[in-house]
Amino acid sequence: MRRVRYMFDFSDPVTLEIFKLGGHESSKEELHTWLAREEEDNFVRCPDDMLARFLNGLIIKNRGARDERIPEPEQKMTNNIVLRKLKIALNLQADDLLEMLKLADLKVSKHELSALFRRPGHKNYRSCLDQFLRSVLDGMTKHYRPTKAKPSK
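Numbering (my numbering), first residue to last: 172 to 324.
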């Protein structure tokens, strides 16, 4: 959640509105405990269902609600689910993700990428590892929040 917020430069009010779209009325104090770093005193790990609500809210913010009801959040989040929800929220195709992975210096084939979006139990399903998700988020950040070129001296 912290990395997605940074990627799009969401303010506290925008982040709280995303949670509201996902079906949770959060307070600024609660939000700050979830955004705190692990070494900080006020750090509280964001529960899986709240992360799911945040990502569901991001989908609704970017693409609109599918129907009038708010989707039920997953109780257990996996990296594959996070990746799938980001793909939906940002309306990304495989080629878009591959380009973002190139920005993170990671070369992956379309077949390897599609295995991450299969259902668990499918013979070609592949679990998304933490390092891979970090690379995806790095590539997305470079794509959506490019750094300004430093002036040469």
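Virtual Cβ for every residue (Gly too), placed ideally from N, Cα, C.
Given this structure, state the Cα-to-Cα distance separating histidine 203 from asparagine 262, to the nearest angstrom.
28 Å
Measure the alpha-carbon distance for serine 280 versus serine 298 and round it to whole angstroms.
15 Å
For glutamate 188, three-class secondary structure by DSSP
helix
Measuring CA to CA, which of Asp212, Leu274, Glu209, Asn250 is closest to leucine 222?
Asn250
Check this for me: beta carbons of leucine 229 and alanine 265, under 7 Å apart or not?
no
Please classify serine 197 as buried or exposed, where buried requires at least 16 other C-beta atoms within 10 Å of its C-beta.
buried
Taking only the alpha-carbon atoms, compute the straight-line gap between phenylalanine 214 and leucine 257 and give it to the nearest angstrom.
24 Å
In whole angstroms, what is the alpha-carbon distance linking arginine 216 and glycine 194?
19 Å
Between leucine 284 and leucine 269, which are expected to be in contact by the criterion C-beta below 8 Å, what is the C-beta distance as a whole number of angstroms?
7 Å
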